[in-house]
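Okay, structure first, notes after.
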Amino acid sequence: MFSRIFQDEFAKVDILKNLEKNLMKYFLFPYLKYKEVNVYIDGQNQLYLVSTGKSKKYGVAEIDYINKLESGFTDNDLKEKLMDSFSKCYSIESTDTKANETVMGRLMGYKSYTRAVKGLKLVGILWSYRKGYKIVPTEKIQGQGFVHLSELIIESNDETLVRSVREGIELACISSE
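Be aware that the sequence shown starts at 1282, since it is given in this note's numbering, and climbs by one per residue.
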């Protein structure tokens, strides 16, 4: 009888420890409930999907994990690369400690971010644990950079993500550089 009581108590302790561990992860590690992938689009409609992660300097910044999609990509290709990019968010720490060095700068072969993204459009894709996806198209304006088109934010879920991202790509624009 006593062994049965001890087994029940040990089971309760294990359950409480697991609950405590999961709650600590949820509250102490916000990246488990929020992720962002930046999608840069060039003139040939090639996509560069850049994951984000923890940054000592900025809190959150782009990390050195980039998926590239050649123009003419299929919906399945886009979905696969998006899911891969989101899965890599927070997998490595951002290397933003060097002055004037950015992920896109290294990819494009330039030291400055401004030169690296010249001629590129940008769509931010945010994922939140409770709210799903938000696709944020931007307008590139000289002297201001990429400005979020707040009135054009598209809310999405897993089923409509690819269609929503394609719509966001169409809405993103370059007014002036």
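Glycine included, every Cβ here is placed at the ideal spot set by N, Cα and C. Remember, predicted model here, so these are calculated numbers, not experimental data.
In the DSSP annotation of this structure, S1352 is not part of any alpha helix (DSSP H), being labelled neither H nor E. Distance between I1422 and L1452, taken at the CA atoms: about 14 Å. As a beta-bridge residue in DSSP terms, A1342 pairs with G1334.
If you check the CB distance, V1404 and G1449 come in under 7 Å.
For K1316, DSSP records a beta bridge to W1408.
Within its own chain, the residues whose Cβ lies closer than 6 Å to the Cβ of E1317, once the five positions on either side in sequence are excluded, are T1333, L1407, listed in chain order.
With a threshold of 16 other beta carbon atoms within 10 Å, E1420 meets it and is buried. I1373 is classed as exposed because its beta carbon has fewer than 16 other beta carbons within 10 Å across all chains shown.
Less than 7 Å divides the Cβ of V1443 from the Cβ of K1360.
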